[in-house]
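Q: For any residue, its number in this note's numbering is found by taking its place in the sequence shown, counting from 1, and adding 33. Quick one: this structure, given as structure tokens, is what I'll be asking you about.
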Amino acid sequence: MENLFPWITICYLLPALKNRLRSLLIIGRMMMGFVKGRAITENILLAQELSQDLDVRIRGGNVILKLDIAKAYDNINWNFIYFMLELFGFNSVFINLIKKCIKNVYFFIILNGSNHGFFKSSLGLRKGDPISPALYIIAAGLCLGVSLIYLRLIMVFTLEL
34 MENLFPWITI CYLLPALKNR LRSLLIIGRM MMGFVKGRAI TENILLAQEL
84 SQDLDVRIRG GNVILKLDIA KAYDNINWNF IYFMLELFGF NSVFINLIKK
134 CIKNVYFFII LNGSNHGFFK SSLGLRKGDP ISPALYIIAA GLCLGVSLIY
184 LRLIMVFTLE L
């Protein structure tokens, strides 16, 4: 029973951690996935309108780049999440609680109806975890911000030519 105490404590702490993260999320207008009240389909319509508008305004060599982040939850680096939480000003106690929540994930393989060995997760966020969407939005927010800065630099460079 003593071994279950840390897990039970973490289970009760998850909603509090989620609410603390949610209050600090900076969600841009372009972020649609994993955001309550928004639909990813809005971005599909936006992309279609932008491609049509680009073709009308600029004839010639146009490029549209589509990045697929379908498996983003599975590939997010834990150290990047910890770095982002530090950047947002979270203290080490809070970051350590988050570490315990995302690092203590084990999987097992079911073969012919029986369990065969456990293995520990080393990357990504667990689907269904209450804090995973908030952590993903924090990480994706930085990536979106960097890409917008890069696009602005490209636009300034092409305007000066």
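Even glycine gets a Cβ: it sits at the ideal position worked out from N, Cα and C.
From this set, 136, 85, 150 and 141, which residue's C-alpha is nearest residue 165's C-alpha?
A: 136
Q: Below 8 Å CB to CB, which residues in the same chain sit around residue 151 once its five sequence neighbours on both sides are set aside?
A: For residue 151, where only same-chain residues beyond five positions count, the Cβ hits under 8 Å are 139, 140 and 141.
Q: Between which two residues does the beta strand (DSSP E) harbouring residue 142 extend?
A: 139 to 144
Q: Could you have a look at residue 198 and say whether DSSP puts it in helix, strand or coil?
A: It is not possible to answer for residue 198, since the shown part of the chain is limited to 34 through 194.
Q: Look up residue 152 in the DSSP assignment and say whether it is helix, strand or coil.
A: strand
Q: Whole angstroms are fine: how far does the CA of residue 158 sit from the CA of residue 77?
A: 25 Å
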